Structure formats: C-alpha cells, structure tokens
Amino acid sequence: MILNNNKEILLVRKEGSTFFQLPGGKVNNNETHFETLKRELFEEIHLEIEEPNCIFLGNHETVAVNEKNTRVCGNLFEVIDTNIDNIQIQNEIEEMAWISQSNYKDYKWAHLAEEFILPIWLKKQIK
C-alpha cells in the first residue's frame, strides 16, 4: 500500500484487466517477500524502496481476478517515507490511479485489495 500526502492510495490496472490492484507480483526463486516487493515495484512503477520503509500488514488469500480458477495469497506491506514523485507505469501496467475516499467506489478493485487493504486504508482516512 502506497499513500501520497493526501492519503490517496495508489492502484494499478494491468493490460487486459478491468480490475485495479496494488502494485506487486509473484515471488521468484528464493526471494524474500521484501525482495519480491522491491523488484515488482521497480518493474511496475519505477519505484525504489528500502526495507526499513516497508511495514508488513499481513497476508490474505482470495480468488485471483486475472487468472481463472486460481487463488492468490498476498503478503501485504505499507511503503512509507519513500519518494513517490517519479512513479511511472512500466511493463504490463496499463494505468495507475491515486484513489481518494471520495472516489474509491468508482473503481473496480481486485479482491485482494478490496478484502484486505481497503478496510485498513479507510481506517487511516479517519485518523
């Protein structure tokens, strides 16, 4: 989960998908969860992160939105105190959006983001 100064959350939409999801992806070989996050954020949105700036939020398993008859288990982090000024979509990402509390219902959220991250993010809006 990446938030900007306005507490908007960054979601991306992959090519060929109608769902918006958190940037990230699958573990390669013997990567740690952080190594996967670091690689995927750079590949998808050109964001460089450091481990001290990543807070583990938990994991969640649900139905994958882009792979038929597949379940996905995500290890979810919040990225904090990181320069997000140069974020730009790359590779398979077709669109990115900064989602606000006033427009989040206008987007079709992937299950993992909707079931696990959305409630956490909405609680942060109250603070």
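For the sequence shown, the numbering used here assigns the number 299 to the initial residue and increments by one for each residue that follows. Cβ atoms here follow ideal geometry from the backbone N, Cα and C, with glycine treated the same way. Computed from a predicted structure; not experimentally measured.
C-alpha distance - residue i paired with residue j, whole-angstrom precision
{"i": "T368", "j": "V325", "result": "16 Å"}
{"i": "L301", "j": "L308", "result": "6 Å"}
Cβ shell of residue i (< 6 Å), same chain only, five flanking positions each side left out
{"i": "Q386", "result": "H344"}
{"i": "A408", "result": "F317, Q319, V363"}
Of the listed residues the options, nearest to residue i (C-alpha basis)
{"i": "E365", "options": "T316, D404, M394, L335", "result": "T316"}
{"i": "S400", "options": "D383, N381, L420, N384", "result": "L420"}
Own chain residues within Cβ distance below 7 Å of residue i, not counting five before or after
{"i": "E313", "result": "E390, E392"}
{"i": "N381", "result": "none"}
{"i": "L332", "result": "According to the sequence displayed, residue 332 carries Phe and not Leu. Only E349, C352 meet the Cβ criterion."}
Buried versus exposed, by CB contacts within 10 Å (16 or more), residue i
{"i": "K422", "result": "exposed"}
{"i": "E346", "result": "exposed"}
Residue-chain proximity (residue i, chain D), Cβ-Cβ < 8 Å
{"i": "E306", "result": "Checking the listed chains, one finds no chain D in this structure; it contains a single protein chain."}
Notebook entry, point to check: Can we say the stretch 401 to 416 touches the stretch 351 to 361, given the rule of at least three CB pairs closer than 8 Å?
Noted result: yes
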